[in-house]
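J.:
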Amino acid sequence: MLKAFINHQLKYGPLFKKRLRKIREFHEFSEDKRLIIESEKLQQLLKLAYQKSSFYKNLYDQYGVNLSQVQNREDLKILPVITKQDIKHKVDEIYFGKPFKHTAYTSGTSGSPLKVYYSLDCVLNEASYNEVFRNNGGHQLGQKVVSLRGVLGRSQLKSYDRFANTLFLSSYNLNEKNFQFYYNEIKNFQPNTILAYPSSLEILSNYLQKNGLELHVPVIFTSSETLYDFQREKIERYFNTKVYDRYGNAERTISLIQKKHQGDYKEAPLYSINEYKKDCIITTNLISPTFPLIRYQVDDLVQLRKDSDEVSIKEITGRIDDVLLLEDGTQIGRMDLVFKGVENVLYAQIIQERIGFFTVNLVKAKNFSIKDKNNIEQNIINRIGELSQFKLNFVQEKDLIKTKKGKYKLVINRAL
0 MLKAFINHQL
10 KYGPLFKKRL
20 RKIREFHEFS
30 EDKRLIIESE
40 KLQQLLKLAY
50 QKSSFYKNLY
60 DQYGVNLSQV
70 QNREDLKILP
80 VITKQDIKHK
90 VDEIYFGKPF
100 KHTAYTSGTS
110 GSPLKVYYSL
120 DCVLNEASYN
130 EVFRNNGGHQ
140 LGQKVVSLRG
150 VLGRSQLKSY
160 DRFANTLFLS
170 SYNLNEKNFQ
180 FYYNEIKNFQ
190 PNTILAYPSS
200 LEILSNYLQK
210 NGLELHVPVI
220 FTSSETLYDF
230 QREKIERYFN
240 TKVYDRYGNA
250 ERTISLIQKK
260 HQGDYKEAPL
270 YSINEYKKDC
280 IITTNLISPT
290 FPLIRYQVDD
300 LVQLRKDSDE
310 VSIKEITGRI
320 DDVLLLEDGT
330 QIGRMDLVFK
340 GVENVLYAQI
350 IQERIGFFTV
360 NLVKAKNFSI
370 KDKNNIEQNI
380 INRIGELSQF
390 KLNFVQEKDL
400 IKTKKGKYKL
410 VINRAL
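If you read the sequence shown in numbering that gives the first Met the number 0, its first letter stands for residue 0, the second for the next number, and so on.
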């Protein structure tokens, strides 16, 4: 109890409230003012990184970088790009904050988790940006929250934090046997908000569908996985809710948020500086000055809206290995559209073992018919073309491949 109180005070006490006011002000700045402050933050970040981080001093000396030439985001291109592999064994050379810090790890979906450090300053910034995002969707601090985000392991089904008014439910025990427990807990708690992985909510939505039940939750916020359109449709239908999605990473180098229901993703102001490339995003964090990641490569793909004056992202398609590769070299993403509107499929997962061929593993609902099968096959052909080679394979839910943290990927490409 004491630990929960201390954690809540650190994260949501007076320091948080002061920081929250500051982050809210960022969202009200004009574009000109934001760019001026961004440049000031960038110059200060580079100065401290070079002076206090042996990693950056060695890196920039090696490349002959003159930091005085970097005045704003346009000048960042003269700095070298760093990758996860570059820093994996050098995080202690990067961090130069106080000994009191939080250690976290990336999910390691690429097979190689990375250790990262959060100072108290970074924790306060992240919590404040998250709160502004949730406020925008209709949640207010102190309202009832259900968290389905992997905080609890398999040995503990639930835990209630009365200081945060949050009911934590394990995302590792979602199965048919436990469904009634989850349903009753959410129904009886009557949360205003759910924070969850999309795949956890998809699992619950499928059980709600199978049992002819539904829940009523005003707003749901998803993150940490790609949210597919067919998942959003299902979740909003069976939870009678609106879903807002946020894209970020454990390294705290990028935050893209949906400000409008089903709207484009927008950059969180003064959170980071992002350079959008064809096959990755180059990010520079501004919220974690004592663990700076400057021009850090994130291997995710986004589609920018070209007819917008500001950065506006139509969709986040995931990592480069979330695409299918055809024999002519064509890369096909957004395979979630194949299942959009197909109601009698509980789960789908596409696995590509070799170029030009893939297997679609399907978990059928009770009313699945030959018509559904034909619709899926035709949707795939429409998306990829007549020469596409694939096989539909009907499996059980337990046969789906998930990460160690229980995260679900629609496409698993082993041919790249």
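We put the beta carbon where it would ideally sit given N, CA and C, even for glycine. If you're wondering where the values come from, they're calculated on a predicted model, not measured in any experiment.
Tell me, which residues are paired with Pro391 by DSSP?
T.: According to the sequence displayed, residue 391 carries Leu and not Pro. In the DSSP output, where bridge partners are listed per residue, Leu391 has Val359.
J.: I'd like the ranges of any beta strand (DSSP E) spanning at least 3 consecutive residues and lying wholly in the segment 53-111.
T.: Runs of the beta strand (DSSP E) inside the segment 53-111: 101-104.
J.: Would Ser109 be called buried (16 or more neighbouring beta carbons within 10 Å of its own) or exposed?
T.: Confidence at Ser109 is low in this model, with a pLDDT of 47, below 50, so its placement is unreliable and the value that follows should be read with caution. With fewer than 16 Cβ atoms within 10 Å of its Cβ, Ser109 is classed as exposed.
J.: The ligand FAD heavy atoms versus the CB of Lys363: any closer than 8 angstroms?
T.: This structure lacks the ligand FAD; in fact it carries no ligand of any kind.
J.: Return yes when the Cβ of Phe220 is within less than 9 angstroms of the Cβ of Leu203, no when it is not.
T.: Not in contact: Leu203 and Phe220 (Cβ atoms no closer than 9 angstroms).
J.: Compute the Euclidean distance between the alpha carbons of Phe162 and Asp60, then round it to the nearest angstrom.
T.: Approximately 48 angstroms, taken between the alpha carbons.
J.: Where does the unbroken alpha helix (DSSP H) through Ile22 begin, and where does it stop?
T.: Element bounds for Ile22: Pro13 to Phe25.
J.: Hey, Lys241 and Glu235: beta-carbon distance below 9 angstroms or not?
T.: Yes, they are a contact pair.
J.: Within 10 angstroms of its Cβ, does Gln230 collect 16 or more other Cβ (buried), or is it exposed?
T.: Counting Cβ neighbours within 10 Å, Gln230 comes out buried, since at least 16 surround it.
J.: State yes or no: is the C-beta of Gln425 within less than 9 angstroms of the C-beta of Lys313?
T.: The displayed coordinates of the chain run from 0 to 415. Any statement about residue 425 would go beyond what the structure contains.
J.: In the structure shown, what three-state DSSP assignment does Glu322 receive?
T.: First, the residue type needs correcting, since residue 322 is Val and not Glu in the sequence shown. It is coil, neither helix nor strand.
J.: How do the segment 92-100 and the segment 153-171 stand: do at least 3 beta-carbon pairs fall below 8 angstroms, yes or no?
T.: Because the criterion of three Cβ pairs below 8 angstroms is not met, the segment 92-100 and the segment 153-171 do not touch.
J.: Does Glu352 get closer than 9 angstroms to chain B when you measure Cβ to Cβ?
T.: Among the protein chains of the structure shown there is no chain B, as only one such chain exists.
J.: Can you tell me the Cα-Cα spacing of Gln348 and Asn392, whole angstroms?
T.: Taking the straight line joining both Cα atoms gives about 10 angstroms.
J.: For the candidate residues Thr316, Leu285, Asp263 and Leu119, whose alpha-carbon lies nearest to that of Lys277?
T.: For Lys277, the nearest C-alpha among the options comes from Thr316.
J.: Let me know the secondary structure DSSP gives Val131 once reduced to three states.
T.: Of the three classes helix, strand and coil, the one that applies to Val131 here is helix, per DSSP.
J.: Please work out which residues of its chain come closer than 8 angstroms, Cβ to Cβ, to Arg413, disregarding the five sequence neighbours upstream and downstream, and give them in chain order.
T.: Excluding residues within five positions, the ones whose Cβ falls inside 8 angstroms are Ile350, Gln351 and Glu352.
J.: Report buried or exposed for His260, applying the criterion of at least 16 other Cβ atoms within 10 angstroms of its Cβ.
T.: His260 comes out exposed.
J.: Alpha carbon to alpha carbon, what distance is there between Leu226 and Asp244?
T.: The straight-line gap from Cα to Cα measures roughly 7 angstroms.
J.: Can you confirm whether the segment 35-48 touches the segment 144-153 when touching is taken to mean that 3 or more C-beta pairs between the two stretches lie within less than 8 angstroms?
T.: Judged by Cβ distances under 8 angstroms, the segment 144-153 makes no contact with the segment 35-48, as fewer than three pairs qualify.
J.: Inspect the beta-carbon positions of Val90 and Val115 and report whether they are closer than 9 angstroms.
T.: Yes, the pair counts as a contact, with Cβ atoms nearer than the cut-off.
J.: Taking all protein chains shown into account, decide if Arg304 is buried (16 or more other Cβ within 10 angstroms of its Cβ) or exposed.
T.: The residue is exposed, with fewer than 16 neighbouring Cβ atoms inside 10 Å.
J.: Applying the 10 Å Cβ sphere with the 16-neighbour rule, what's the burial state of Arg133?
T.: Buried, because 16 or more other Cβ atoms sit within 10 Å of the Cβ of Arg133.
J.: Out of Asn65, Gly262 and Ser53, which one is the CA nearest neighbour of Ile86?
T.: Nearest option by C-alpha distance: Ser53.
J.: According to DSSP, simplified to helix, strand and coil, what is Tyr171?
T.: Three-state DSSP puts Tyr171 in coil, outside helix and strand.
J.: Quick check: the Cα distance between Leu75 and Pro197, rounded to an integer number of angstroms?
T.: So the two alpha carbons sit approximately 35 angstroms from each other.
J.: In whole angstroms, give me the CA-to-CA distance for Ile379 and Asn135.
T.: Straight-line Cα distance between these residues: approximately 37 angstroms.
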